[in-house]
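Student: I have a structure here, written as structure tokens, and I will follow up with some questions on it.
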Amino acid sequence: MIILETERLLFRQHVMADIDDYCTMEMDPEVRRYVGGRPRTREEAEDRFMGTLVPATDRLAMWATIYKPENKYIGRCGVYPHFNTDGNPISGEGSLGLYIVSTHWGWGLATEAGQAFIQFGFKELKLNRIVTSIDTRNDASVRVINKLGFELISTETGPRSFYHFAIFNPLEDLDL
Ligand SMILES: CC(C)(COP(=O)(O)OP(=O)(O)OC[C@H]1O[C@@H](n2cnc3c(N)ncnc32)[C@H](O)[C@@H]1OP(=O)(O)O)[C@@H](O)C(=O)NCCC(=O)NCCS
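The working numbering numbers the first residue of the sequence shown as -16 and each following residue consecutively.
What follows is the structure, given as structure tokens:
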């Protein structure tokens, strides 16, 4: 099932045929540097693939991201549930996730995906707010999130430090 399309990207449910490309990405130290810190083993990646990606049962999820000019799996993107500290999803909110294979970095693909999912989250899913948390060392991700129009809400300092960003639904005002 295709959920969304942009000029260069197509977003669809993950299928078993994606597992090798998914695992290769999760085993790439460059991709994992600021999201987990260490590459996953093949076994860990497979477990995660089976446990969280197949099948997506809700539109609030991460989607296989296909680069249309090459008909190639190049990552996963989407707006997934924003959980509170008790582990319960916060109604009306979502978290933006963008993961692109390192061979395709710097092509504007995360920005293109992010723009599409912000529109999708606000217009289709009627979210009030989309959030994202980024390791403060992840300069490329911070750049993308700033380009997408997110605002910095808070900074969390610790063994790993994070910026917490949010963007609010501009369409909400129209309903008043
Ligand atoms: C972060 C990530 C999604 C960006 O994907 P991408 O497709 O390369 O992003 P884009 O090409 O749309 O934009 C990248 C921007 O960051 C800039 N950039 C890249 N490396 C940078 C760095 N080290 N410092 C500052 N800016 C940097 C690029 O120049 C570009 O900005 P520009 O358009 O103004 O030139 C990708 O690197 C990735 O998947 N990383 C691993 C997973 C991850 O960290 N995800 C984010 C957490 S959810």
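Backbone N, C-alpha and C define an ideal beta-carbon position, used for all residues, glycine too.
#1: Considering only their Cβ atoms, is the gap separating residue -3 from residue 47 smaller than 8 Å?
#2: So what's residue 65 in DSSP terms, helix, strand or just coil?
#3: If you draw a straight line from the C-alpha of residue -15 to the C-alpha of residue 139, how long is it?
#4: Locate the alpha helix (DSSP H) running through residue 12, then write down its first and last residues.
#5: By the three-class DSSP mapping on this structure, what secondary structure does residue 26 have?
#6: Please find out if some non-hydrogen atom of ligand 1 comes closer than 7 Å to the beta-carbon of residue 83.
#7: Taking 8 Å as the threshold, find out whether the region 4 to 19 comes into contact with the region 67 to 85 through three or more Cβ pairs.
#8: Could you check whether residue 22 and residue 31 sit closer than 8 Å to each other, using their CB atoms as the reference points?
#9: Please return the same chain residues whose Cβ sits closer than 6 Å to the Cβ of residue 103, not counting the five positions on each side in sequence.
#10: To the nearest angstrom, how far is it from the Cα of residue -7 to the Cα of residue 116?
#11: Looking at the structure shown, is residue 144 part of a helix, part of a strand, or coil, going by DSSP?
#12: For a test of the three-state rule: what should DSSP assign to residue -10, helix, strand or coil?
Tutor: Quick look at the numbers:
#1: Here residue 47 corresponds to residue number 64 of the sequence shown, with the count starting at 1. Here residue -3 corresponds to residue number 14 of the sequence shown, with the count starting at 1. Yes, these two residues count as a Cβ contact at 8 Å.
#2: Within the sequence shown, residue 65 is the residue found at index 82, counting from 1. Three-state result, residue 65: strand.
#3: Your numbering for residue -15 matches position 2 in the sequence shown. Your numbering for residue 139 matches position 156 in the sequence shown. Distance between the alpha carbons of residue -15 and residue 139 is about 36 Å.
#4: Along the sequence shown, one-based indexing puts residue 12 at 29. Counting along the chain, the alpha helix (DSSP H) containing residue 12 begins and ends at 12 to 15.
#5: As a first step, residue 26 is located in the sequence shown; it is residue number 43 there, counting from the start. Looking at residue 26 - three-state DSSP - the assignment turns out to be helix.
#6: Taking the first residue of the sequence shown as 1, we reach residue 83 at position 100. Residue 83: yes, Cβ under 7 Å from ligand 1.
#7: yes
#8: Counting from 1 along the sequence shown, the entry for residue 31 is found at position 48. Counting from 1 along the sequence shown, the entry for residue 22 is found at position 39. Not in contact: residue 31 and residue 22 (Cβ atoms no closer than 8 Å).
#9: Looking up residue 103 in the sequence shown gives position 120. The answer, listed in chain order, is -13.
#10: Residue numbering aside, residue -7 sits at position 10 when the sequence shown is read from its first letter. Residue numbering aside, residue 116 sits at position 133 when the sequence shown is read from its first letter. Those two C-alpha atoms are separated by around 24 Å.
#11: Your numbering for residue 144 matches position 161 in the sequence shown. Looking at residue 144 - three-state DSSP - the assignment turns out to be coil, as it is neither helix nor strand.
#12: Counted from its first residue, the sequence shown places residue -10 at position 7. Looking at residue -10 - three-state DSSP - the assignment turns out to be coil, as it is neither helix nor strand.
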